[in-house]
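Step one of this worksheet: look at the structure below.
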DNA sequence: ATGATACTTAGGCACATCCATAAGTATGTC
DNA sequence: GACATACTTATGGATGTGCCTAAGTATCAT
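Chains as they are written, first to last, in this note's numbering: chain A, 2 to 115; chain B, 2 to 115.
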């Protein structure tokens, strides 16, 4: 069982994305960088709470930020989600590998009734 | 701010993958299905603890299982991670979109020193 | 029928996570 | 300099998560 080197980074990224608020921030930033107060505006959450989310995203390397004067601008870090993308590529069922070779896309079976 | 329909599912999948033990299980299952005791073997964890992880993976739709006799066989659900893959595709920086158009792959900038 | 095997259920404890309020600090405006 | 703005730090509380042990239940083997 070999453990690839990006495991700590992957862990941080997944933990960061495993929260709706933080994902919403990422989605917002996918459009363009934004300052903290703009990021906070859509949420019914105290500023310090959102700041905590931003810190988690930044520590995970998902996001970068720079402070100019009293304003902090946050942006999505290009390539930050590549680790996840890479890992995802490795977790494919034999059926999916087969489908890949045949150029077929497997239909999503409904995951509700489990 | 439109909220795509797969958000609950995405949330469940990301929460499920935000744990090293559960990711290790997924990695193991990417090779082939396995029975519970085989899955548990590599971990220094009591069986009920691992079972809990399996339940979380199953509720998230990442994994399916069938019981034959007293043995439960667990397998990766094909297409289960497609939601995540799809979401990831949407969270790209403008720079990455630009790179896509040019067929360039952006180098991973080191995420350590933040 | 007896015992072993393969989970499964139940209950509980320690720690992490998410959110809050209160009180800073640094910077820009008048 | 006084005041507002934009975070930032400190602290605490409610809830969730991950792990455990103990005690089931349902097969399978002899």
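Each residue gets a CB set at the ideal place from its N, CA and C atoms; glycine is no exception.
None of these values were measured; they are calculated from a predicted model.
{"Query": "Just how far apart, CA to CA, sit residue 74 of chain B and residue 40 of chain B?", "Result": "10 Å"}
{"Query": "Using a 10 Å radius around the Cβ and a threshold of 16 neighbouring Cβ atoms, would you call residue 102 of chain B buried or exposed?", "Result": "exposed"}
{"Query": "Does residue 18 of chain B get closer than 8 Å to chain A when you measure Cβ to Cβ?", "Result": "yes"}
{"Query": "For the alpha helix (DSSP H) containing residue 27 of chain A, name the first residue and the last one.", "Result": "21–32"}
{"Query": "Alpha helix (DSSP H) containing residue 37 of chain A: first to last residue?", "Result": "37–41"}
{"Query": "If we cut at 8 Å on Cβ distances, does residue 45 of chain A have a partner in chain B?", "Result": "no"}
{"Query": "Could you spell out where the alpha helix (DSSP H) holding residue 87 of chain B opens and where it closes?", "Result": "83–91"}
{"Query": "According to DSSP, simplified to helix, strand and coil, what is residue 63 of chain A?", "Result": "coil"}
{"Query": "Nearest CA to the CA of residue 78 of chain B: which residue from A:72, A:20, A:89, A:94?", "Result": "A:94"}
{"Query": "Does the Cβ of residue 88 of chain B lie closer than 7 Å to at least one heavy atom of the ligand HEM?", "Result": "What this structure holds is no ligand at all, so the ligand HEM is not there to describe."}
{"Query": "Taking residue 102 of chain B as part of the alpha helix (DSSP H), name the residues at either end of that continuous run.", "Result": "95–103"}
{"Query": "With distances taken between CB atoms, is the gap from residue 42 of chain A to residue 63 of chain A smaller than 8 Å?", "Result": "no"}
{"Query": "According to DSSP, is residue 71 of chain A helix, strand or coil?", "Result": "coil"}
{"Query": "In angstroms, rounded to a whole number, what distance separates the CA positions of residue 30 of chain A and residue 24 of chain A?", "Result": "10 Å"}
{"Query": "Keeping to the same chain, check which residues put their C-beta closer than 6 Å to that of residue 13 of chain B; ignore five residues upstream and five downstream.", "Result": "61"}
{"Query": "Residue 76 of chain A by DSSP, collapsed to three states: which one?", "Result": "strand"}
{"Query": "Which residues in chain B have a C-beta closer than 7 Å to the C-beta of residue 67 of chain A? List them in chain order.", "Result": "Within 7 Å Cβ-Cβ: nothing; residue 67 of chain A doesn't reach chain B, min ~11 Å."}
{"Query": "Do the CB positions of residue 28 of chain B and residue 99 of chain A come within less than 8 Å of each other?", "Result": "no"}
{"Query": "Looking at the C-beta of residue 112 of chain B, does it have a partner C-beta in chain A at a distance below 8 Å?", "Result": "At residue 112 of chain B the pLDDT is 45, less than 50, meaning the model places this residue with poor confidence and gives no usable figure here."}
{"Query": "Should residue 85 of chain A go down as buried or exposed, given a rule of 16 or more other Cβ atoms within 10 Å for buried?", "Result": "buried"}
{"Query": "Mind listing the chain A neighbours of residue 40 of chain B? Cutoff is C-beta to C-beta under 7 Å, in chain order.", "Result": "Going along chain A, no residue has its Cβ under 7 Å from residue 40 of chain B, so there is no contact; the nearest lies around 12 Å."}
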